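So the structure is just underneath, and the comments pick up after that.
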Amino acid sequence: MTTWGDYRSCERSLGIPGADTPPRLLPYPDPCRPVRLLFIGGNPPCPGGGFWSRDDDRLLRSLHAIFLDLEWATADSPAPFREEFRQHGFHFIHAVKCFSTPRHPSAALVRTCALAHLREDLEHLRPERICLLGQVPFRAVKACDAEHLRRSFARQETTLSICGADVPMLVTYSPNDRRQSRADRRIASRRDGEDGRLSEHPRP
Numbered sequence: 339m340t341t342w343g344d345y346r347s348c349e350r351s352l353g354i355p356g357a358d359t360p361p362r363l364l365p366y367p368d369p370c371r372p373v374r375l376l377f378i379g380g381n382p383p384c385p386g387g388g389f390w391s392r393d394d395d396r397l398l399r400s401l402h403a404i405f406l407d408l409e410w411a412t413a414d415s416p417a418p419f420r421e422e423f424r425q426h427g428f429h430f431i432h433a434v435k436c437f438s439t440p441r442h443p444s445a446a447l448v449r450t451c452a453l454a455h456l457r458e459d460l461e462h463l464r465p466e467r468i469c470l471l472g473q474v475p476f477r478a479v480k481a482c483d484a485e486h487l488r489r490s491f492a493r494q495e496t497t498l499s500i501c502g503a504d505v506p507m508l509v510t511y512s513p514n515d516r517r518q519s520r521a522d523r524r525i526a527s528r529r530d531g532e533d534g535r536l537s538e539h540p541r542p
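Numbering (the numbering used here), first residue to last: 339 to 542.
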């Protein structure tokens, strides 16, 4: 039995090759309500977590740089940015709770972890918008929530039904992808904001 945000007693992934089970992922902090934008990443980059637990986490540093470019943040370093990020209604979770070797989790691990926790995470957080950072979280959402996905070609929008609400969902690359330069990330982030997906959020 797990409490939301603390998955250290979960043994659902026992027996899956490469999975660090039960996960040593440190508990997530409570969200600030409402959660205006939820970022969902892949799996933790190290056994203890990453974004919420390490000041040198690559994703934390990448999002800090992007938020500064968008003028959504004022913190001058990643560590204080993390709390500013949370206080302003943003949140982050992993689609897969277990650290894995190799770095990219197997299809079995993605499906098992998604079915165990992802729907519960979404219903607990009830975000107004979702941003999936790469293919792993997209695969996780499809694994546990394919029947709740809706694609409007007229509106060019994908939504996910959560507690009866259709939540807009953006699927993009992870800012940790080294093939993307910092300039590319800045351009992509500004474009996403201008097309109405992110710009509807008032600046902090």
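The beta-carbon is built from N, C-alpha and C at its ideal position, and this holds for glycine as well. Please read all numbers here as calculations on a predicted model, not as lab measurements.
- Residue 437 sits close to residue 361, with the two beta carbons spaced by under 8 angstroms.
- In the three-state reduction of the DSSP assignment, residue 429 falls in the strand class, which pools E and B.
- Between residue 471 and residue 378, the C-beta spacing is below 8 angstroms.
- With contacts defined by Cβ atoms closer than 8 angstroms, residue 482 and residue 453 form a contacting pair.
- In this structure, the beta-carbon distance from residue 390 to residue 364 falls below 8 angstroms.
- Remark: C-beta atoms of residue 506 and residue 457 do not approach each other more closely than 8 angstroms.
- By DSSP's assignment, residue 497 forms a beta bridge with 488 and 506.
- Contact annotation: residue 394 and residue 431 have beta-carbon atoms that are not nearer than 8 angstroms.
- When the Cα atoms are used, residue 352 and residue 496 turn out to be separated by approximately 33 angstroms.
- DSSP places residue 375 inside the beta strand (DSSP E), whose first and last residues are 375-379.
- Bounds of any alpha helix (DSSP H) do not take in residue 470; it lies within the beta strand (DSSP E) bounded by 468-471.
- Put simply, the backbone Cα of residue 429 is about 20 angstroms away from that of residue 346.
- Here residue 480 is exposed: its Cβ has fewer than 16 other Cβ atoms, across all protein chains shown, within 10 Å.
- Only residues of its own chain outside the window of five on either side were considered, and among them 358, 362 and 437 have a CB closer than 7 angstroms to the CB of residue 385, listed in chain order.
- In the same chain as residue 503, and ignoring 5 residues on each side of it, the C-beta atoms closer than 8 angstroms to its own belong to 464, in chain order.
- Distances from the alpha-carbon of residue 511 to those of 446, 397 and 445 put 397 closest.
- Bounds of any alpha helix (DSSP H) do not take in residue 389, whose DSSP letter is neither H nor E.
- Of the residues assessed, residue 478 falls on the buried side of the cut-off, its CB having 16 or more other CB atoms within 10 angstroms.
- Sequence-distant Cβ neighbours of residue 368 in its own chain, meaning closer than 8 angstroms and more than five residues away, are 343.
- Residue 441 counts as exposed, since fewer than 16 other C-beta atoms from the protein chains shown sit within 10 angstroms of its C-beta.
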